[in-house]
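A short worksheet on the structure shown next.
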Amino acid sequence: MVSLIKPKPLLVPKGQKKSEENSKVPTDPKGIEEYLKQLPDPVGYRMLVRPYSGEKKTEGGLILTDETSEKIQMTTVCALVVKMGDLCYHDKDKFPKGPWCKLNEWIIFSRYAGSRFKIDGGEVRVLNDDEVISTISDP
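Counting from 8, one number per residue, gives the positions in the sequence shown under our numbering.
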């Protein structure tokens, strides 16, 4: 079963509006469903996360190049949990207190954790369920 995930809007400094045309990740329900179909389904104890990409414009008004934005996204350690494998957090010996995170939660992981690959709209990573360091409310 595919669940619709509405991406959380990126933080925008006060007084500025988010540029929807620059974002390749859809925000409408039909677009989100199509976007999720192109993402791979993690198997076993793995989860699919989308790293936080940050703003395209600095506070001083400089517009960041695509290459700079990609580097920021590649080196980030914060991501949104998009999909989870069928065995994620089912090992009661390893996780006696239950899951460390849930779908649609922001997590922090180590810098070199998981496997990276690019899709339309940016980079995604596949992490093991035990590579989550913590959860946060907002990146």
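Positions of the beta carbon are idealized from the N, C-alpha and C atoms, including for glycine.
- Per the C-alpha coordinates, the member of T83, I143 and L71 positioned closest to A120 is T83.
- With 16 or more other CB atoms across the displayed protein chains lying within 10 angstroms of its CB, V88 is buried.
- Here V50 is exposed. Its C-beta has fewer than 16 other C-beta atoms within 10 Å.
- With a threshold of 16 other beta carbon atoms within 10 Å, R123 falls short and is exposed.
- Looking at the backbone, the Cα of G128 and that of G38 are separated by about 12 Å.
- Boundaries of the beta strand (DSSP E) around K90: C85 to M91.
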